[in-house]
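Chemist: Here it is, the structure in full.
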Amino acid sequence: MYCLIKIMNFTTKSHKQGDIILAEARYSGLFEEIKTAITNISDQDIIDKHNLKYAGKMSLSYAINDLIKDRLSAVGWSKESPIFQDEGFKESKWRLDFAKDKISIEVAFNHGEAIAWNLIKPVLAGELNHVQKAIQTEVAVLICATSKLKRAGAFDSAVGEFEKICRYLIPLDRILTVPMVIIGLEAPETFKMVKNRVGNRNIGEIVRL
168 MYCLIKIMNF TTKSHKQGDI ILAEARYSGL FEEIKTAITN ISDQDIIDKH
218 NLKYAGKMSL SYAINDLIKD RLSAVGWSKE SPIFQDEGFK ESKWRLDFAK
268 DKISIEVAFN HGEAIAWNLI KPVLAGELNH VQKAIQTEVA VLICATSKLK
318 RAGAFDSAVG EFEKICRYLI PLDRILTVPM VIIGLEAPET FKMVKNRVGN
368 RNIGEIVRL
């Protein structure tokens, strides 16, 4: 008798040939680190992280974000990397979630109104600027939830999902000059999160499928 471990799956959308660039020898190893960080997350890992740290939260976004951070940090990706050297632009809104060599990563589980900013930050890191740069991005990866994960993980309804982010690429095409790959995380196969009302707030409950 054996137990089949379910891992996190994802789908991708390429912008400005980001997929082709990330397949080049100089970037392929780094992109493999990103993909491995995701696929090494099992359904049980998410459950364990949620129960350990975020049992009072409604959404799986906290646990998944933590797991991605843990795995990328373990292979040398810098967290909260500033785009600029100027001390006046060091707060979080001017930082990339992760960076390594010439690749930047944004993990976007936030409000849909932040979609354009999440897409533009890697461009700021990649283009020349009169503010002195701290990092130079050549290709970017944006990690987000698909609509299926958004539903199964009880994400806030206002969170911008993969499908919506991909639609933004069309009107922003000329602005988004940096090649990138959008990664949409799929829903767990063995469980889902169900919202429960406890007192005056919602709490998520894990339900096995």
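Under this note's numbering, the sequence shown has 304 at position 137, and the numbering climbs by one with no breaks.
Even for Gly, the Cβ is constructed at its ideal location relative to N, Cα and C.
Computed from a predicted model, the values in this text were never measured in an experiment.
#1: Could you give the DSSP three-state label for Asp-233: helix, strand or coil?
#2: What do you reckon, are the CB atoms on Lys-267 and Gly-243 nearer than 8 Å?
#3: Under a three-way DSSP split, which group does Arg-375 fall into?
#4: Go ahead and pull the three-state DSSP assignment for Gly-351.
#5: What does a CB cutoff of less than 7 Å around Phe-358 pick up in its chain, not counting 5 residues either side in sequence?
#6: With the cut-off set at 8 Å, would you say Ser-259 and Thr-304 are in Cβ contact?
#7: Any chance you could list the beta strand (DSSP E) runs of at least 3 consecutive residues sitting entirely within the region 246 to 311, in chain order?
#8: When burial is assigned at 16 or more other CB atoms within 10 Å of the CB, is Glu-328 buried or exposed?
#9: Should the region 272 to 284 be called in touch with the region 178 to 191, which here means at least 3 C-beta pairs below 8 Å?
#10: Is the region 298 to 317 in contact with the region 246 to 260, if contact means three or more CB pairs nearer than 8 Å?
#11: Drop a sphere of 10 angstroms on the beta-carbon of Leu-227, count the other beta-carbons inside from all chains shown, and report buried for 16 or more, exposed for fewer.
#12: Which same chain residues end up closer than 7 Å to Val-274 when comparing Cβ atoms and leaving out the 5 residues on each side of it in sequence?
#13: Taking Cβ to Cβ, would you say Pro-346 is nearer than 8 Å to Gly-196?
#14: Name the two residues that bound the continuous alpha helix (DSSP H) containing Phe-329.
#15: Roughly how many whole angstroms lie between the Cα atoms of Ala-321 and Met-175?
#16: Could you give the C-beta distance for Val-326 and Phe-276, rounded to a whole number, given that I count them as a contact under 8 Å?
#17: Since Asn-388 sits in a beta bridge, which residues does DSSP pair it with?
#18: Considering Phe-177, what are the terminal residues of the beta strand (DSSP E) in which it resides?
Modeler: Reading it off the structure:
#1: helix
#2: yes
#3: strand
#4: strand
#5: Asp-210, Ile-214, Ile-373, Val-374, Arg-375 and Leu-376
#6: no
#7: 262 to 267 and 270 to 275
#8: buried
#9: no
#10: yes
#11: buried
#12: Asn-232, Ile-235, Asp-264 and Ile-310
#13: no
#14: 329 to 335
#15: 17 Å
#16: 6 Å
#17: The requested residue 388 does not occur in the structure, where the chain is confined to residues 168 to 376.
#18: 177 to 182
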